[in-house]
Amino acid sequence: MDFTNLHSILRSLYDEMMPLCSDMAGVAQGIAGLGALFYVAYRIWQALSRAEPVDVFPLLRPFAIGFCIMFFPTVVLGTINSVMSPIVQGTASMLEGQTLDMQKYREEKDRLEYEQMMKDPSTAYLVDDAEFDRQIDELGVTEIGTAAGMYIERGMYKVKKAIQNFFRELLEMLFQAASLTIDTIRTFFLIVLAILGPIAFAISVWDGFQNTLVQWICRYIQTYLWLPVADLFSTILAKIQVLMLQNHISELTNNPNVDLDGSNTAYTIFMIIGIIGYFTIPTVAGWIIQAGGMGSYNRSINNTAMTGGSWAGSIAGGVAGNVAGRAGKLLK
184 MDFTNLHSIL RSLYDEMMPL CSDMAGVAQG IAGLGALFYV AYRIWQALSR AEPVDVFPLL
244 RPFAIGFCIM FFPTVVLGTI NSVMSPIVQG TASMLEGQTL DMQKYREEKD RLEYEQMMKD
304 PSTAYLVDDA EFDRQIDELG VTEIGTAAGM YIERGMYKVK KAIQNFFREL LEMLFQAASL
364 TIDTIRTFFL IVLAILGPIA FAISVWDGFQ NTLVQWICRY IQTYLWLPVA DLFSTILAKI
424 QVLMLQNHIS ELTNNPNVDL DGSNTAYTIF MIIGIIGYFT IPTVAGWIIQ AGGMGSYNRS
484 INNTAMTGGS WAGSIAGGVA GNVAGRAGKL LK
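Here our numbering is used: the first residue of the sequence shown is 184, the next is one more, and so on.
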């Protein structure tokens, strides 16, 4: 499954849905026009009843909001997206750089692990078919038991690596699924806010609803920040994995007795942490800019994350313990 393509589809979906803002602009203009009539009439009547001069500047507010409604996709959405777009591009470039480094060090680690096992004749036949055939050919007729043991150990090694790869791919898929979930919810929120934005602007013209305009802008910017926060979180995880790979490469170079399974365990742990951490992104975005009405959603997302993390951790522990126990019994 190409998750990058799915994220691109979500970007295209947002662009395709933006023309619907124009459909709401007509309804919003009617609501804003009626609100502007009451807004201006009330203030002029209040000034005349008190025999005070009419302050014209506050009366321009409904007309400014009406101008924003008429050109909402360009003036409002275009301005906000243009200002926020460099932040998204900057965090995406950071993530891309760390991902490339992680892939380079992972290939280096795999190569060193292969060379480390090839140096020891007792493990070389596990990873190399030619070495396995050579050692089998060197055995005599009386060493059938040794040959059978080599076949069993090689089979167990392949089963162990297959299970490790399967579980690693499963966690990576869950990690990408968590990222896609956050991005899907973010796109849904942005589309709803964008389409109904003219209505929110129109309602803010009415007395008592002025705060609707500020709340809409805060919620839109906060939701927009989910993507750069997610990229920063992924960048931090990628950097941690790069440091772990560098440390493991250093141990493989300097220590011939290094534990080759240690890095796989650490990688699994950080993947589980990443799955849990992705669901805290709305909370972190709320620390950057406050928006009312988002607290209950953030609490539900965090509760889901804790449940998912416990589920992933229990599976990880159960699978690891089961595999280790069965491998130990068979090797004995």
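The beta-carbon is built from N, C-alpha and C at its ideal position, and this holds for glycine as well.
* Asked: Exposed or buried, V258, counting other C-beta atoms within 10 Å across all chains shown (16 or more means buried)?
  -> Along the sequence shown, read from residue 1 onward, the residue named residue 258 stands at position 75. With fewer than 16 Cβ atoms within 10 Å of its Cβ, V258 is classed as exposed.
* Would you mind stating whether L193 and T370 have Cβ atoms separated by less than 8 Å? => Here residue 193 is taken as the residue at index 10 of the sequence shown, counted from 1. Here residue 370 is taken as the residue at index 187 of the sequence shown, counted from 1. Cβ atoms of L193 and T370: closer than 8 Å.
* To do: Specify the secondary structure class of N438 as computed by DSSP and reduced to three states.
  => Counting from one through the sequence shown, the residue named residue 438 turns up at place 255. The answer is coil: DSSP assigns N438 none of H, G, I, E or B.
* Asked: Is the CB-CB distance between V388 and A230 below 8 Å?
  -> Translated into the one-based positions of the sequence shown, residue 388 becomes position 205. Translated into the one-based positions of the sequence shown, residue 230 becomes position 47. In this structure, A230 does not lie closer than 8 Å to V388 by Cβ.
* From the DSSP output, in three-state form, read off I472 for me. => Here the question's residue 472 lines up with position 289 in the sequence shown. I472: coil per DSSP, three-state reduction.
* Within the chosen definition, does the region 355-362 reach the region 453-473 through at least 3 CB pairs nearer than 8 Å? -> Taking a cut-off of 8 Å for Cβ pairs, the region 355-362 and the region 453-473 touch, as three or more such pairs fall below it.
* In terms of residues, what are the limits of the alpha helix (DSSP H) holding L283? -> The count along the sequence shown starts at 1 and reaches residue 283 at position 100. Counting along the chain, the alpha helix (DSSP H) containing L283 begins and ends at G261 to K302.
* Is G380 buried or exposed, if buried means 16 or more other CB atoms sit within 10 Å of its CB? -> By one-based count along the sequence shown, residue 380 stands at place 197. It counts as buried.
* Just mark Q281 as buried or exposed, buried being the case when its beta carbon has 16 or more other beta carbons within 10 Å. => As a position in the sequence shown, residue 281 is number 98, starting the count at 1. With 16 or more Cβ atoms within 10 Å of its Cβ, Q281 is classed as buried.
* Stretch pair the region 448-458 + the region 311-319: three plus CB contacts closer than 8 Å -> A contact is defined here as three or more CB-CB pairs under 8 Å, and the region 448-458 fails this definition with respect to the region 311-319.
* To do: Determine the DSSP secondary structure at Q393, reduced to helix, strand or coil.
  => As a working mapping, residue 393 is identified with position 210 in the sequence shown. In this structure, Q393 counts as coil in the three-state DSSP scheme.
* Taking all protein chains shown into account, decide if D312 is buried (16 or more other Cβ within 10 angstroms of its Cβ) or exposed. => Numbered from its first residue, the sequence shown carries residue 312 at position 129. The residue in question, D312, is exposed, as its Cβ has fewer than 16 Cβ neighbours within 10 Å.
* Have a look at I419 and E434 and give me their C-alpha separation to the nearest angstrom. => Start at 1 with the first residue of the sequence shown, and residue 419 comes out as number 236. Start at 1 with the first residue of the sequence shown, and residue 434 comes out as number 251. About 23 Å.
* Asked: Taking C-alpha atoms, which residue in Y308, R226 and G213 lies nearest to G332?
  -> As a working note, residue 332 is residue 149 in the sequence shown. Checked all of Y308, R226 and G213; the closest Cα to G332 is Y308.
* Count the other C-beta atoms from every protein chain shown that fall within 10 angstroms of the C-beta of S191, then say buried if there are 16 or more, exposed otherwise. => Here residue 191 corresponds to residue number 8 of the sequence shown, with the count starting at 1. Label assigned to S191: exposed.
* DSSP state of F349 mapped onto helix, strand, coil -> Here residue 349 is taken as the residue at index 166 of the sequence shown, counted from 1. Three-state result, F349: helix.
* **Y222, buried or exposed, once every other Cβ within 10 Å from all chains shown has been counted against 16** => Taking the first residue of the sequence shown as 1, we reach residue 222 at position 39. Y222 is buried by the Cβ-count criterion.
* Asked: Is the distance from the Cβ of H431 to the Cβ of K292 below 8 Å?
  -> Translated into the one-based positions of the sequence shown, residue 431 becomes position 248. Translated into the one-based positions of the sequence shown, residue 292 becomes position 109. Going by C-beta atoms, H431 is nearer than 8 Å to K292.
* **Cβ pair L260, A377 closer than 8 Å** => For the purposes of this step, residue 260 is taken as the residue at position 77 of the sequence shown. For the purposes of this step, residue 377 is taken as the residue at position 194 of the sequence shown. L260 places its beta carbon less than 8 Å from that of A377.
* Asked: By a C-beta neighbour count over all protein chains shown, 10 Å radius and 16 as the cutoff for buried, is Q272 buried or exposed?
  -> Taking the first residue of the sequence shown as position 1, residue 272 is located at position 89. By the 16-neighbour rule on beta-carbons within 10 angstroms, Q272 is exposed.
* Asked: Which one of A211, K344 and S305 has the shortest CA to CA distance from F250?
  -> Counting from 1 along the sequence shown, the entry for residue 250 is found at position 67. Considering only alpha carbons, the answer is A211.
* To do: Measuring alpha carbon to alpha carbon, tell me which of A234, V467, I252 and E235 ends up nearest V412.
  => Residue mapping note: residue 412 aligns to position 229 of the sequence shown, counting from 1. It is V467.
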